[in-house]
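For the sequence shown, the residue numbers in my numbering are -9 to 107.
We treat Cβ as the ideally placed atom computed from N, Cα and C, and that holds for glycine.
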Amino acid sequence: MAIPLLFVLYIIAYLDRVNVGFAALQMNYDLGFSSTIYGFGSGIFFLGYFLFEIPSNLILERIGARVWIARIAITWGVIATGMMFVKSPLSFYLLRFFLGLFFTSHISSQQFNVLKP
């Protein structure tokens, strides 16, 4: 039962990363963002992801994949939902950074869950 759920989470993660580019088409106009602001905000996701990947994996090993995958899904959903309240470049930057931060260990937790002895 775990494999179909993990597959769905992987597909949603892929769609989330791809859709940020499509969102730029209307979001830049509506919020008055330049392509530089939007590009930096899109890229700051990976800064949070990079900085917290190792600590996140250490926590994953300590508390287990099931709890960690649930944490990822919940915080990811909350932050992604919060994106609809973006009104300024700062709020966009913060939410993208936190999305990357809370998304760390997504793939490694899936692998840990499937490949555990």
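Have a look at residue i and residue j and give me their C-alpha separation to the nearest angstrom.
i                : j             : result
valine 57        : aspartate 6   : 22 Å
phenylalanine 40 : alanine 14    : 23 Å
arginine 52      : isoleucine 59 : 13 Å
phenylalanine 93 : threonine 26  : 24 Å
isoleucine 49    : threonine 71  : 25 Å
tyrosine 0       : serine 98     : 11 Å
alanine 3        : tryptophan 66 : 9 Å
valine 8         : valine -2     : 15 Å
phenylalanine 42 : isoleucine 69 : 16 Å
Return the residue from the list the options that minimises the CA-CA distance to residue i.
i           : options                     : result
arginine 61 : Ile2, Gly22, Ser95 and Ile1 : Ser95
leucine 21  : Lys77, Phe93 and Ile97      : Lys77
leucine -5  : Ile27, Ala63 and Gly72      : Ala63
valine 10   : Ser98, Ile97 and Met74      : Met74
Less than 8 Å between the CB atoms is what I'm expecting for residue i and residue j, so what's the real figure, rounded?
i                : j          : result
phenylalanine 82 : glycine 31 : 4 Å
glycine 38       : leucine 91 : 4 Å
phenylalanine 23 : proline 79 : 7 Å
By Cβ distance below 7 Å, which residues in the same chain neighbour residue i in space, the five residues on each side in sequence not counted?
i           : result
arginine 86 : Gly31, Ser32, Ile34 and Phe35
Return the chain-ordered list of same chain residues with a C-beta closer than 6 Å to the C-beta of residue i, the five sequence neighbours on each side being excluded.
i             : result
asparagine 18 : Tyr28
Mind checking residue i: buried by the 16 CB within 10 Å criterion, or exposed?
i             : result
serine 46     : buried
isoleucine -7 : exposed
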